[in-house]
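Heads up: the sequence lines are chains A and B, in that order. Read left to right, the first sequence gives residues 1 to 96 (the UniProt record's numbering). Read left to right, the second sequence gives residues 1 to 96 (the UniProt record's numbering). Ideal Cβ positions, reconstructed from N, Cα and C, are used throughout, including at glycine. First the structure, in the form of structure tokens, and then the observations on it.
2 protein chains.
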Amino acid sequence: MDLLVTYDVDTTSTTGARRLRRVAKICEGHGIRVQKSVFEIVCTEAQRVLLEHQLRETIDLQLDSVRIYPLPIRSLDTVSQIGTGVQAHHRGDQII
Amino acid sequence: MDLLVTYDVDTTSTTGARRLRRVAKICEGHGIRVQKSVFEIVCTEAQRVLLEHQLRETIDLQLDSVRIYPLPIRSLDTVSQIGTGVQAHHRGDQII
């Protein structure tokens, strides 16, 4: 499955800055960073459950926000990028 | 159509801060802000073309990044929110 994960972590405290680093680290373990707080992830249902669990355990539920958008397969390829966009190659796709 | 718009604007200069405000203002005119730099938008194809044009004219193409994800209709309702999530009610949906 394809997922888009976006997050806002409240960094007005040092513990917030730590949470932000941890959230980024978790997402890096699952997918490709395309913006500061946006990751594209291709994974299985089990991996998605794990990801959601890890994020839930890491953020401050009263201060931070994580959103996980399930997308139809291959729809990550249909993104319109304007500016300094990253074309994330999931599934080992190569343009030759 | 349903869109998810995410952006990173380089705010290391005062002109960057101004671009950030303008990008947010443009997106506010089309949809609902769900995180600092994430908007959910329900619009027509013509509105999407206008949105993309406005964003392209506003950002610094060398410094900033905008990503527009076209989503299947009603898929915005399937987002998993963790933490301080906003349930954006598009199309006047009401949960009673």
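Of the residues the options, the one placed nearest residue i, counting alpha carbons only
i     : options                       : result
A:T6  : A:Q47, A:E28 and A:D77        : A:E28
B:S65 : A:L61, A:Q35 and A:T11        : A:Q35
B:D10 : B:T58, B:I73, B:H90 and B:I26 : B:T58
A:D77 : A:H90, A:Y69, A:D8 and A:M1   : A:H90
B:G85 : A:R19, A:Q54, A:S13 and A:I68 : A:I68
B:I26 : B:D8, B:L55, B:C43 and B:M1   : B:L55
A:G16 : A:Q87, A:V42 and A:L61        : A:L61
B:I73 : B:A88, B:Q47, B:V42 and B:R22 : B:V42
B:V23 : A:G83, A:Q47 and A:L71        : A:G83
A:A88 : A:L20, A:R33 and A:R21        : A:R33
B:D8  : B:L71, B:L20 and B:M1         : B:L20
Presumed contact (8 Å Cβ cut-off) between residue i and residue j, rounded CB distance
i     : j     : result
A:I4  : A:V38 : Note on residue identity: the sequence assigns Leu, not Ile, to residue 4 of chain A. 7 Å between Cβ atoms; contact.
A:E40 : A:G31 : 5 Å
B:E52 : A:S80 : 6 Å
Per DSSP, cross-strand counterpart(s) of residue i
i     : result
A:G85 : Beta-bridge pairing links A:G85 to no other residue.
A:G31 : A:I41
A:T6  : A:V38 and A:R67
Cutoff 7 Å: residue i Cβ touching any chain D Cβ
i     : result
A:Q47 : Among the protein chains in the structure shown, which are A and B, there is no chain D.
_beta strand (DSSP E) runs contained entirely in the segment 34–82 of chain A, provided each spans 3 or more residues_ = Fully enclosed beta strand (DSSP E) runs of 3 or longer: 38–42 and 65–71.
*Residues of the segment 50–78 of chain B with a CB closer than 9 Å to any CB of chain A: list them in chain order, please.*
E52, L55, R56, I59, D60, L61, Q62, L63, D64, S65, V66, R67, I68, Y69, P70, L71, P72, S75, L76 and T78
*Using Cβ-Cβ distances below 8 Å, what residues of the segment 28–39 of chain B are close to chain A?*
V34, Q35, K36, S37 and V38
*Any residues in the segment 4–26 of chain A with a beta carbon nearer than 8 Å to a beta carbon of chain B? Which ones, in chain order?*
Within the segment 4–26 of chain A, the residues whose Cβ lies closer than 8 Å to some Cβ of chain B are L4, T6, Y7 and D8, listed in chain order.
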